[in-house]
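Using the UniProt record's numbering, read the sequence shown as starting at 1 and increasing by one per residue. The beta carbon of each residue, even a glycine, is placed where N, CA and C say it ideally should be. Before any comments, here is the structure.
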Amino acid sequence: MDMLEKLDILEQKLAQRMADLKKGAALYAFNYLFNDLEFLGASTTVPAFYAYMSSHETNPGKHHTLHFDTIITNIGSAYNRYTGIFTPTVSGTYALSYSIKPYAGAYIPIELVRNTQIIGSVVTKAQSSYEHGASSTVVIQLSAGDACFLRTSNTYTPTGHIYSSKYARSSFSGWRLI
1 MDMLEKLDIL
11 EQKLAQRMAD
21 LKKGAALYAF
31 NYLFNDLEFL
41 GASTTVPAFY
51 AYMSSHETNP
61 GKHHTLHFDT
71 IITNIGSAYN
81 RYTGIFTPTV
91 SGTYALSYSI
101 KPYAGAYIPI
111 ELVRNTQIIG
121 SVVTKAQSSY
131 EHGASSTVVI
141 QLSAGDACFL
151 RTSNTYTPTG
161 HIYSSKYARS
171 SFSGWRLI
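Below, the structure written as structure tokens:
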């Protein structure tokens, strides 16, 4: 079946979906729209990932890219555990979230970076034996091919370790909203 035949079929289906929408069957029509997109060969996969550090990051130093090596979710395979970089394959609006836990006595300034632009930051400072984590979520428009990652600050020198264990995970996640 060539593309013109597929488009004719899709036009007929679209007219039916519009009629369904007018009748209030929005969810029904929405589900069929995804089927129609797949029929044309379009991807309906929504990129998403969640990864955490499998162990502590010891004395990371300035301008150090963080690697979250244990991947739980990686729909679309856009997160690389070896580089620590999330590279969306689809342009859209994304939520990027991260949580960093310092080890006792540590001072860890963190930056969320898109390509070369800092788009978010947190500072964690654990006083003596009290460990205070920091988390942040950013909603941002990303283009396919953008490189998003976490690193320690280039301006302030981190001291101590980033904590990550089964009791508290330092993690990085992201997903496409629209």
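Collapsed DSSP secondary structure at residue i in the structure displayed
i	result
A15	helix
I9	helix
L27	At L27, the pLDDT of 49 sits below 50, so the modelled position is not reliable; the number obtained from the coordinates is stated separately. Three-state result, L27: helix.
Span of the beta strand (DSSP E) around residue i
i	result
A95	G92 to P102
F149	C148 to T152
I108	Y107 to R114
A134	A134 to L142
A168	A168 -> no beta strand (DSSP E), and no H or E assigned at all.
F68	F68 -> no beta strand (DSSP E), and no H or E assigned at all.
Rounded C-alpha distance that separates residue i from residue j
i	j	result
Y167	T155	30 Å
S165	T89	31 Å
Y163	I178	33 Å
I100	I108	9 Å
T83	K6	41 Å
A15	P47	29 Å
T79	I9	Rather than Thr, the amino acid found at residue 79 in this sequence is Tyr. Roughly 37 Å between the two C-alpha positions.
R81	T70	7 Å
residue 179	V123	Lying before the first or after the last residue shown, residue 179 is absent from the chain, which here runs from 1 to 178.
L4	I118	46 Å
I75	V139	19 Å
P87	A95	Reading off the sequence, residue 87 comes out as Thr, not Pro. Cα-Cα distance, rounded: 13 Å.
T116	P158	20 Å
E111	L66	10 Å
E11	A144	29 Å
F49	G174	5 Å
7 Å CB neighbourhood of residue i in its chain, flanking five on each side removed
i	result
H161	H56, E57, T58, N59, Y103 and A106
H63	R151, T152 and N154
S170	Y52, M53, S99, I100, K101, I162, Y163 and S164
F172	A51, F68, Y98 and L150
Beta-carbon contacts of residue i that lie in its chain and below 6 Å, excluding the five residues immediately before and after
i	result
L27	Confidence at L27 is low in this model, with a pLDDT of 49, below 50, so its placement is unreliable and the value that follows should be read with caution. Within the same chain, L27 has no close Cβ partners at all.
K125	Y107
A147	I85, T87 and N115
Close beta carbons around residue i, own chain, < 8 Å, minus the five adjacent residues each side
i	result
G92	Q141, L142, R176, L177 and I178
D2	none
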